[in-house]
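These notes concern the structure reproduced below.
Number of protein chains: 2
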Amino acid sequence: MIKDPVKDLPGYALRRVSAALMSRLAARLARLDLRPAEATVLLVIAANPGVTQSEIGRFLGIVSANMAPLAARLAERDLIIRQAVDGRSQGLTLSEAGRRTAQRARSIMDDLEAELLARIPKADCAAFMRVLHALANNKGA
Amino acid sequence: MIKDPVKDLPGYALRRVSAALMSRLAARLARLDLRPAEATVLLVIAANPGVTQSEIGRFLGIVSANMAPLAARLAERDLIIRQAVDGRSQGLTLSEAGRRTAQRARSIMDDLEAELLARIPKADCAAFMRVLHALANNKGA
DNA sequence: TATTGTTATACTCTATAACTATA
DNA sequence: TATAGTTATAGAGTATAACAATA
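What follows is the structure, given as structure tokens:
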């Protein structure tokens, strides 16, 4: 058997768990022909009608160069509608099809989260969420 | 301010935290001209001299098609030595330079892990590690 | 000057398919 | 037949640089 030099590194464990989760999420969202980043953007637009690309990008940590083709693809599929709010910004809203797709994506993500929670020992769940939020809100070193 | 539709999803928080960690790790390992996957492979070889590519791949979750160029690059830089153990397998060992590089990579990873632990509330640390190990060892759903 | 959005480009990780050689 | 290793290729996320149009 192989000796494991990284087993006790929480960062490595975090990376492996995250990768496995992402892989599962991507597989399920593929049924909607959505990638994880696209699904997340749909949810943000659903919760914030009229939000602009740059606002979404800052919020989700997606640089504008990558938001552009992502939003273009959603618009091309008629899942979102772009309306100019001033000369350079465009507010994004879900179309009817976009609302349906966003709901299904939300359902897929909720299912996966429920499965994740089911694998966490009940007694440790609250502490786990506290730590995740602490790390997420304090990203610098 | 933007409403956050994914804040309470532990899977999403996990993904963001992992991505931020990986970005920091990649930046620091770049000083050694190593990518995160390469550094991890070096550590596994250091802990298991003579291990084969396929063993490392199974252990770290790297498919053989991706192990091949990774190992080739490490060998080309004279960080690892390949010695045939049978006609189709080659045992991997660290060279002297590889040992030095692996030590420095280990030091970088340990520093980062220490910084990560410092940001975790002491009282929640044990529970956090328990959950990570539970999720890592139970990857299917 | 700063910001929005865009294009082009590149890097890393991951994955599958097809192949050779060996067990 | 199964395994080790390789090559080619592709998809997804992320990043920087350069640019046009607008504030």
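Protein chains in written order, with this note's numbering: chain A, 29 to 169; chain B, 29 to 169.
For every residue, glycine included, the Cβ atom is placed at its ideal position computed from N, Cα and C.
Model, not experiment: these values are computed from the prediction.
Review point. Going by other Cβ atoms of all chains shown within 10 Å of its Cβ, with 16 needed for buried, is GLU66(B) buried or exposed?
Key: buried
Exercise for review: For PHE126(A), I'd like the list of residues in its chain whose CB is within less than 6 Å of its CB, leaving aside the five on either flank, ordered along the chain.
Suggested key: The identity of residue 126(A) in the sequence shown is Gly, whereas the question assumes Phe. For GLY126(A), where only same-chain residues beyond five positions count, the Cβ hits under 6 Å are LEU107, ILE108.
Practice item. Can you grab the Cα-Cα spacing for the pair ALA58(A) / TYR40(B), in whole Å? Key: 17 Å
Review point. Is the distance from the Cβ of VAL72(B) to the Cβ of PRO33(A) below 9 Å?
Key: yes
Practice item. Show which residues of chain A have a CB atom less than 7 Å away from the CB atom of GLU141(B). Key: Identification of chain A residues near GLU141(B) by a Cβ-Cβ cut-off of 7 Å yields LEU37, PRO38, GLY39, ordered along the chain.
Check your understanding: So ARG127(A) is in the alpha helix (DSSP H); what residue range does that whole segment cover?
Key -> 124–146
Exercise for review: Could you check if ARG43(B) is buried or exposed, using at least 16 other CB atoms within 10 Å of its CB as the buried criterion?
Suggested key: Around the C-beta of ARG43(B), 16 or more other C-beta atoms lie within 10 Å, and the residue is accordingly described as buried.
Check your understanding: Taking 9 Å as the CB-CB limit, is ASN76(A) close to chain B?
Key -> yes
Check your understanding: Who does GLY119(A) pair with in a DSSP beta bridge?
Key -> Looking at the DSSP assignment, GLY119(A) forms a beta bridge with THR80(A), GLN111(A).
Practice item. State whether the segment 91–111 of chain A contacts the segment 147–154 of chain A, with contact taken as three or more CB pairs (one from each stretch) at a distance under 8 Å. Key: no
Check your understanding: Can you name the residues of chain B whose CB is closer than 7 Å to the CB of ALA164(A)?
Key -> Within 7 Å Cβ-Cβ: ALA41, ARG44, VAL45.
**Study point:** Alpha-carbon spacing of ALA169(B) relative to GLU141(A), whole angstroms
**Key:** Low confidence applies to ALA169(B): its pLDDT is 42, below 50, so where it sits in the model is not reliable, and the reading given next is rough at best. When rounded, the distance between both Cα atoms is 11 Å.
Exercise for review: Would you mind telling me which residues of chain A sit closer than 7 Å to VAL34(B), beta carbon to beta carbon, in chain order?
Suggested key: Counting only Cβ-Cβ distances below 7 Å, VAL34(B) has contacts in chain A at THR68, LEU71, in chain order.
Practice item. Determine the closest residue to ARG63(A) out of ARG101(A), ASN76(A), ALA93(A), GLN81(A), with distance taken between C-alpha atoms. Key: ARG101(A)
Check your understanding: Mapping DSSP to helix, strand and coil, what is VAL159(B)?
Key -> Here DSSP, grouped into helix, strand and coil, assigns VAL159(B) to helix.
Practice item. Could you list which residues in chain B have their beta carbon closer than 9 Å to that of ALA124(A), in chain order? Key: A quick correction: the sequence has Glu, not Ala, at residue 124(A). Against GLU124(A), chain B offers no close residue; the least beta-carbon distance is about 19 Å (beta-carbon pairs closer than 9 Å).
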